[in-house]
Structures are given as structure tokens and as C-alpha cells.
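Below: the structure, in C-alpha cells.
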Amino acid sequence: MTLAAVAMTAGLSVAPAQAASPASAKADAAAAPSCITAWVKKGTLTQTGYGRNDCSSQKRYKIVWAFGADSACVTVKKGQTLKHKIPIAPRRFDGVKSC
Numbered sequence: 000m001t002l003a004a005v006a007m008t009a010g011l012s013v014a015p016a017q018a019a020s021p022a023s024a025k026a027d028a029a030a031a032p033s034c035i036t037a038w039v040k041k042g043t044l045t046q047t048g049y050g051r052n053d054c055s056s057q058k059r060y061k062i063v064w065a066f067g068a069d070s071a072c073v074t075v076k077k078g079q080t081l082k083h084k085i086p087i088a089p090r091r092f093d094g095v096k097s098c
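So the sequence shown is numbered by numbering that gives the first Met the number 0: it starts at 0 and just counts up by one.
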């Protein structure tokens, strides 16, 4: 099982061990393609953001949250779903972004 698959299955973040360059910072701000479907499920104490890759090829994207850290940037294969679980307050689900 790949690290990305483990992260998707367990809802864990895997942060890269390198500093972001200006070019990667610009890529982080890119909108995800419309073939990636994003949604959130809220529980009493936690919420989980999802991003399903309905594109024709693999894509790199992350779950984006307001008022805190986003998920790690992960390569997601066609038909797979990335998920990221966090405490419900004070965070807000802001969708997915390409990275």
C-alpha cells in the first residue's frame, strides 16, 4: 500500500520534508479541476473533508480548511477519494486545491 493510499484510508496528513519554494506556493493557490468533487460531512466533534477524483487521470490536490492547516498534497488516482478529518471548531471547509 502506498503512502498516499494509507493517508486516504486513515485520513492522515503526510507533510513533505522540504520548504516550499515560491513556485510551489503559487501552485498551492491553483483551483482544482472541475472533475474533482468536494464535500464535507460534519459530526458532533469532528468534520471530514472529501475530494473524489472523477478525472480521466491521477491528480495532485489537497483538502483546504479556513482557520488552520490544510491536508497534505497527495497524488490521487482516478476514481479514488482523499479525505481529511479535523475538529469541527473553529475550522471551515473551503474545498480542494491543486498542488
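By construction, the Cβ of each residue, glycine as well, lies at the ideal position given by its N, Cα and C atoms.
Between the CA atoms of residue j and residue i - distance to the nearest angstrom
| i | j | result |
| --- | --- | --- |
| leucine 44 | lysine 84 | 10 Å |
| cysteine 98 | glutamine 46 | 22 Å |
| alanine 31 | lysine 96 | 5 Å |
| lysine 58 | threonine 74 | 6 Å |
| glycine 78 | arginine 51 | 7 Å |
| alanine 37 | isoleucine 87 | 17 Å |
| arginine 90 | alanine 29 | 21 Å |
| cysteine 34 | lysine 41 | 23 Å |
DSSP three-state assignment for residue i, whether helix, strand or coil
| i | result |
| --- | --- |
| glutamine 79 | coil |
| aspartate 93 | strand |
| glycine 48 | strand |
| alanine 30 | strand |
| serine 70 | coil |
| cysteine 62 | What sits at residue 62 in the sequence shown is isoleucine, not cysteine. It is a strand residue. |
Bridge partners - residue i, DSSP secondary structure assignment
| i | result |
| --- | --- |
| glutamine 57 | Glutamine 57 pairs with nothing; no bridge assigned. |
| isoleucine 35 | Asn52 |
| isoleucine 85 | Gln46 |
For residue j and residue i, believed in contact at Cβ under 8 Å, the rounded distance
| i | j | result |
| --- | --- | --- |
| tyrosine 49 | lysine 76 | Wrong, their Cβ atoms sit about 15 Å apart, outside the cutoff. |
| isoleucine 62 | aspartate 53 | Contact doesn't hold; Cβ gap of about 16 Å is too wide. |
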